[in-house]
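Engineer:
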Amino acid sequence: MSQCVGEDSIGYSVHMLEFKWSKGPTQAEDSPEPALTQPTAAPSREHVIGDGLIWAATWSLRWLLIIFGAYVAGDLIGRAWTILLPLMLALILTTVLQPPVRVLRQQLNCPAGLAAGLVLLAGAAVVVAFGFVIAPSVGSQSGDIANDASAGLQRLQDLVQKSEFVTRDQIETVIAAAQDRLTSSASSIASGVLVGVSAVTSAAITVIITIVLTFFFLKDGSNFLPWLRSATGPRAGGHLEKVLTESWSTLGGFIRTQALVSLIDAAFIGLALFLVGVPLALPLAILTFFGGFVPIVGAFVVGAIAVLVALVSNGWVGALIILVVILVVQQLEGNVLSPWLQSRTMKLHPVIVLLSVALGSTLFGVVGAFFAVPVVAVAAVILRYLNQVVTTRAGAT
């Protein structure tokens with residue numbers, strides 16, 4: 001019996017060996033032994049320093065190329081400024097006048113040229129109407145202001161003459177020195193007059209070119225994007241159309257924001273002038289509104305005129321009150337209201353708005369301060385669109 005059991009166990013073992021062999025070797029038996037990975041050697045100090053220097057040199061070269069390109073672009077802008085200035089002014093005016101032109105063409109089926117001409121004439125009529133509003137008030141009160149100014153100057157002269165520190169001989173000496181200085185500076189004054197005449201002529205030419213360009217932009221502006229798309233092809237034209245459309249919307253937002261800020265300034269300053277009893281309150285408020293479109297200098301000049309009028313008509317107390325109100329309003333407008341509204345409208349941070357105005361005024365003066373924010377806003381539109389295109393292509397790959 002034990003012999004039978006042994007034979008059975010031997011047969012069972014042989015059968016299991018045959019079964020395993022028929023299935024093939026197991027994973028543990030078949031898998032090769034893992035290869036021993038050689039540890040990578042750490043880069044040497046010289047290699048790390050060399051890579052860092054290569055990286056720094058590469059980026060330095062890129063920044064030098066960018067700076068050189070910016071310098072060349074600035075030089076070209078300076079050379080072509082006489083053409084670029086009316087072009088940019090015409091674009092700004094077109095953003096304001098395009099909505100009524102669109103209404104005339106779409107709602108009343110008015111021809112493009114007629115609609116553009118009517119809107120330009122209406123805009124000129126509004127400016128002339130403001131002049132007629134200001135002129136009667138100025139004419140009726142200019143005599144009183146002139147008399148007050150003469151009386152104020154006479155009081156100042158009497159005060160100086162009665163002073164113990166200044167004698168009449170000293171006053172006459174100062175007047176004689178001033179006359180001699182004017183006589184010796186006659187040539188400089190004459191050359192300055194010629195420069196002024198040249199500046200007025202240049203300004204008149206700029207205004208005429210701006211009006212002509214604005215007319216054609218209003219008349220044929222709707223055909224520009226289709227022409228650009230057909231000229232550059234569907235791919236490049238599509239990108240340009242999107243960027244230009246967004247940039248156009250940004251320019252319109254800039255003008256609306258600036259108008260709102262100027263209106264708020266004019267309302268508060270005009271109210272202060274009215275409450276203090278300063279003459280010419282309405283004309284000064286209107287001048288404040290238009291001066292708000294010229295950053296820095298516009299508000300300064302109009303504010304100085306308002307303070308002088310208050311000084312002549314209401315004395316030192318009234319002038320001081322108006323000065324404080326103007327300073328407070330301008331500080332709130334320049335540091336809080338305008339950056340906040342422009343950042344919301346043009347999707348720019350208030351710090352970017354402030355820095356762009358400062359840089360524009362430093363490089364190109366008043367005109368640079370006026371165009372700084374819309375130029376930076378358009379540049380931001382282009383950068384955002386490029387970032388969107390890069391992100392889309394990176395996601396697709």
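The working numbering puts the first residue of the sequence shown at 1, with every later residue one more than the last.
Here a beta-carbon is modelled for each residue, glycine too, at the ideal position from N, C-alpha and C.
Assign residue 293 to one of three DSSP states: helix, strand, or coil.
Structural biologist: coil
Engineer: Can you give me the start and stop residues for the alpha helix (DSSP H) that residue 341 sits inside?
Structural biologist: In the DSSP annotation of this structure, the continuous segment of the alpha helix (DSSP H) that includes residue 341 starts and ends at 338-346.
Engineer: Count Cβ pairs between the region 250-263 and the region 368-384 that sit closer than 8 Å; are there 3 or more?
Structural biologist: yes
Engineer: Using the Cβ count rule (16 or more neighbours within 10 Å means buried), how would you classify residue 325?
Structural biologist: buried
Engineer: Ends of the alpha helix (DSSP H) at residue 400?
Structural biologist: The requested residue 400 does not occur in the structure, where the chain is confined to residues 1 to 397.
Engineer: Identify which residue in 216, 206, 132, 77 has its Cα closest to the Cα of residue 120.
Structural biologist: With distances taken between Cα atoms, residue 120 lies closest to 216.
Engineer: So residue 349 is in the alpha helix (DSSP H); what residue range does that whole segment cover?
Structural biologist: Run containing residue 349: none; DSSP gives neither H nor E here.
Engineer: Considering only their Cβ atoms, is the gap separating residue 132 from residue 286 smaller than 7 Å?
Structural biologist: It is not a contact, given that the beta carbons lie outside the stated cut-off.
Engineer: Locate the alpha helix (DSSP H) running through residue 100, then write down its first and last residues.
Structural biologist: Its alpha helix (DSSP H) spans residues 81-107.
Engineer: Does residue 44 come out as helix, strand or coil in the three-state DSSP assignment?
Structural biologist: coil
Engineer: Quick check on residue 283: does DSSP put it in helix, strand or coil?
Structural biologist: helix
Engineer: Can you tell me which of the three DSSP states residue 111 falls into?
Structural biologist: coil
Engineer: Whose C-beta lies closer than 7 Å to the C-beta of residue 89 among residues of the same chain, with five residues either side of it excluded?
Structural biologist: 210
Engineer: Could you round the C-beta distance between residue 322 and residue 273 to whole angstroms and report it? I think they count as a contact, below 8 Å.
Structural biologist: 7 Å
Engineer: Just mark residue 27 as buried or exposed, buried being the case when its beta carbon has 16 or more other beta carbons within 10 Å.
Structural biologist: Because the pLDDT at residue 27 is just 47, under 50, the model does not fix this residue reliably, and the point stays unresolved.
Engineer: Sort 293, 299, 251 by Cα distance to residue 269 and report the nearest one.
Structural biologist: 299
Engineer: How big is the Cα-Cα spacing for residue 357 and residue 305?
Structural biologist: 24 Å
Engineer: Just confirm the distance between the C-beta atoms of residue 354 and residue 264, as a whole number of angstroms; I'd bet it's less than 8 Å.
Structural biologist: Not quite, the Cβ-Cβ distance comes to about 18 Å (not below 8 Å), so this is no contact.
Engineer: Determine the closest residue to residue 280 out of 248, 313, 114, 72, with distance taken between C-alpha atoms.
Structural biologist: 313
Engineer: Taking the alpha-carbon of residue 235 as reference, which of 52, 389, 96 has the nearest alpha-carbon?
Structural biologist: 389
Engineer: Could you compute how far the alpha carbon of residue 224 sits from the alpha carbon of residue 85?
Structural biologist: 20 Å
Engineer: On the premise that residue 243 lies in contact with residue 381, defined as a C-beta separation below 8 Å, what is that separation, rounded to the nearest angstrom?
Structural biologist: 6 Å
Engineer: Whole angstroms is fine: what's the gap from residue 31's alpha carbon to residue 45's?
Structural biologist: Because residue 31 carries a pLDDT of 49, less than 50, the predicted location of this residue cannot be relied on, and the following value inherits that uncertainty. Each residue's Cα considered, the two are about 41 Å apart.
Engineer: In angstroms, rounded to a whole number, what distance separates the CA positions of residue 111 and residue 100?
Structural biologist: One C-alpha to the other measures close to 13 Å.
Engineer: What's the gap between the Cα of residue 96 and the Cα of residue 123?
Structural biologist: 10 Å
Engineer: What does the alpha-carbon distance come out to for the pair residue 350 and residue 392?
Structural biologist: 29 Å
Engineer: How long is the line joining the alpha carbons of residue 288 and residue 65, rounded to whole angstroms?
Structural biologist: Approximately 44 Å, taken between the alpha carbons.
Engineer: Which value, in whole angstroms, describes the spacing of the CA atoms of residue 318 and residue 291?
Structural biologist: 22 Å
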